[in-house]
Amino acid sequence: MNKLSKTPIHKLIAGIFKTLAFTSRQVFMFELLYKTLTLFIFIPAITFIFHNLLRLGGFAGATNYELLHFVLSRYGFLCMLILIPVATILIFLEFSILIIIAYHGQNKQRIGLIQAFLQSLAYLPSLFKYGFLGWALYLLLVLPLLSSGLGSLLPSLEIPDFISGELFKTGGGTLLFVGVIAVVTYFNIRWTFLLHMIVIEGTVSFWNAAKKSAAIQKKSYIRMTVVTLCVIFLYLLVVILMMAVVLGAVILVYLAWPQQTGYAEFVRLILSKSAVLCLYMATLFLTPLYVTTLTAMYTAKADPAHAVLQKPDWNAMESRSSQNRGLLHKHKRKLIALGLITAVATALVLVPAIGEVQLDDKQATIMAHRGYTSKGPENTLEAIQGAIEANADFAEIDILETKDGELAVIHDTNLKRLTGRNAEVYNLTMEELRKLEVKQGNMTGRISSLAEVMDAARGKIKLNIEVKTHGKEQDLVNTVIRTIRNNHFQTECVVQSLDYDIVQKIKAAEPGLQVGYIMFAGVPDIKRIGADFVVMEQYMVNESVVASAKLHHKPLYVWTVNTKDSMERFFGMGVDGIITDYPEDAISVAEQLRGGFWAAFTQWLNSLKF
């Protein structure tokens, strides 16, 4: 029986937090330094290399299908040959240094950051000699899928909503999604101690490390899960208490000073920034807490004879690092002050302050995804009417060309999901499509032509027309433009597409029409995109992307945003609009945020009737 089974859970948890408290100064300085280097050196350097190789390859951008073409090109191969090893090394160094610090912290020993760094460097030859592809796969793909937010350079990977959303619409798709998550979860569990195998036990082969990790995972699954969940809960509780103290101070200031005084507003601003700073400082300990927890469970489960960190010859390293350590010790206070200034500046500049989460003066655009699908089957007249009644600004619809060259408003090329008939849109005429009944849940409807939807929407709601392709088109671009012109809908709609060639052709044929490019993957270079606006899947959107869009005067819309938290986040970033399945929720969130934090806060205080 291993120590994990013998040790009471509360003692394990207490030991984890004691270790983190003992190493707090080291991990704080390391994480602050690493995040600063990541933000200002690592990521800009990686971005610079990527974009220059992209341009050398003659690619305008690396989004959607262009990304695949770039990866398969010689410049794409060169890009991966450079960036995958670099990213793998940088991520490995962060985790290995934290494991070394946590291991020593458990034994109430302190290790210098330079010593920990040098010891981490000693593992790199093994990383490249034995199973590098395995390490790269684990650090760049498997770990990020279930460990979002861990690591400064660790990519934040998730299955995009546009994929999962479509999969959940069918039983087979749901099983596929669950199966993928189950496989990733399985390997993440089996490989929980993968990094500990190389860092602590000195296992040089990836596959041997994987086998050893799986071997010590036997039994104690429930206890490990309970310990991990309790640690996360207690950590979040501490963060919440910190935030509660700051917000409590804000309430006291609000009650104590007259609203007209400038001093009260100044204090509110300071306190709101302090709340952001507290939250940011808390995130610096998230990765160390994760690593400390795993290290504690590893040492409790592993064979004591094997769980011994192999220490390098410090005497040989001492002469090379003594001068650097002496310099660090001499300027320790200055470096700590510089670190704190960096933390404050990062929190103030990069993290939206509580008091600043509000919409711009220009109202954000709300687009109902395929109409309002809670009121009617997607892309039907009933769904369009639902969007109208919900007061959405646009109804986003999909069109496909039929066998007789008409434009049908429908998303899927194959009709089985919505009609039960296993047929392709391009094999049926518009008249044949009209006869089919569309079913979604308990709702029914019919397939309409684009012209029919325009008649239903005229003067009531604008349309965002997504031009989709199935590979059997006859004269798609000209048909789209002719339909818009014949119905005098140029100012009542915008057009968008995933196909960049179609975007450019429509814009060239009808310059006055607003045409957008939809992106579901890749690294966008907004400056080089030849479209009036851009639409991005929500996992691609962050503050820097929004800033780039504003700099180049390209309206940015996000799809498909379906939770209130996500709506608040993107509105707070300043996006120009969202595409959502729940337009009424989006309108409600937008109205609440438009008054700003203090307006909502004042309303809440008044409701308490102090």
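Sequence positions in the sequence shown follow the numbering used here and run 339 to 948.
Even glycine gets a Cβ: it sits at the ideal position worked out from N, Cα and C.
As the structure is a computational prediction, the values presented were derived from the model and not from experiment.
Beta-bridge pairing of residue i - partner residues as DSSP gives them
| i | result |
| --- | --- |
| Gly910 | Bridge partners of Gly910: none, in fact. |
| His707 | Glu734 |
| Leu894 | Val872 |
| Ile844 | Looking at the DSSP assignment, Ile844 forms no beta bridge with any residue, so it has no partner. |
| Ala552 | DSSP lists no partner for Ala552. |
| Glu762 | Asn752 |
| Met857 | Met874 |
| Glu739 | Leu745 |
Per-residue burial, residue i [other beta carbons within 10 Å of its own, 16 or more giving buried]
| i | result |
| --- | --- |
| Ser787 | buried |
| Ile379 | exposed |
| Thr782 | exposed |
| Thr757 | buried |
| Ala390 | According to the sequence displayed, residue 390 carries Asn and not Ala. So Asn390 counts as exposed. |
| Ser551 | buried |
| Ala730 | buried |
| Asn717 | buried |
| Asn802 | buried |
| Thr829 | exposed |
| Leu579 | exposed |
| Thr508 | exposed |
| Met418 | exposed |
| Leu532 | buried |
| Thr563 | exposed |
| His407 | exposed |
| Thr850 | The amino acid occupying residue 850 in the given sequence is Gly; Thr does not appear at that position. With fewer than 16 Cβ atoms within 10 Å of its Cβ, Gly850 is classed as exposed. |
| Leu686 | Caution is warranted here: a pLDDT of 48 is assigned to Leu686, below 50, making its placement in the model unreliable, and the coordinate value is therefore given only provisionally. When all chains shown are included, Leu686 counts as exposed. |
| Ile722 | buried |
| Ile347 | exposed |
| Trp545 | exposed |
| Gln447 | exposed |
| Thr898 | buried |
| Glu835 | What sits at residue 835 in the sequence shown is Ser, not Glu. Under this definition Ser835 is a buried residue. |
| Pro463 | exposed |
| Ile692 | Legend: pLDDT at Ile692 = 39, less than 50; position of this residue unreliable, no value from coordinates given. |
| Gly709 | buried |
| Gly868 | exposed |
| Glu929 | exposed |
| Pro715 | buried |
| Leu575 | exposed |
Boundaries of the beta strand (DSSP E) in which residue i is found, first to last residue
| i | result |
| --- | --- |
| Asn802 | 800-805 |
| Thr782 | 781-784 |
| Ser835 | 831-835 |
| His915 | It is Gly, not His, that sits at residue 915 in the sequence shown. Residues 915-918. |
| Phe455 | Unbroken run through Phe455 is the alpha helix (DSSP H), 451-459; no beta strand (DSSP E). |
| Glu775 | 775-778 |
| Leu788 | Where Leu788 is concerned, there is no enclosing beta strand (DSSP E), although the alpha helix (DSSP H) it sits in stretches over 788-795. |
N- and C-terminal bounds of the alpha helix (DSSP H) containing residue i
| i | result |
| --- | --- |
| Phe525 | 509-528 |
| Leu533 | 532-537 |
| Ser293 | The requested residue 293 does not occur in the structure, where the chain is confined to residues 339 to 948. |
| Ile822 | 814-824 |
| Pro626 | 624-639 |
| Leu647 | First-last for Leu647: undefined, no H or E at that position. |
| Ala474 | 470-475 |
| Lys888 | 881-889 |
| Glu727 | 719-727 |
| Arg772 | 768-772 |
Given 8 Å as the limit, is there contact between the segment 524-531 and the segment 457-470, that is, 3 or more CB pairs closer than that?
-> no
Stretch-stretch touch, CB-based, cutoff 8 Å, three pairs: the segment 387-399 with the segment 409-422 | yes
Examine the Cβ distances between the segment 790-805 and the segment 759-766 and report whether three or more of them are shorter than 8 Å.
-> no
Runs of alpha helix (DSSP H) wholly within the segment 348-435 (minimum 4 residues, chain order) | 362-375, 381-394, 403-410
Report yes or no: do the segment 857-867 and the segment 814-829 share at least 3 C-beta pairs separated by less than 8 Å?
-> no
Assess, as a yes-or-no matter, whether the segment 440-452 is touched by the segment 880-899 under the definition of 3 or more beta carbon pairs within less than 8 Å.
-> no
May I ask you to verify whether the segment 834-848 touches the segment 807-824, counting CB pairs closer than 8 Å and requiring at least 3?
-> yes
Do three or more CB pairs link the segment 423-435 to the segment 880-890 at distances below 8 Å?
-> no
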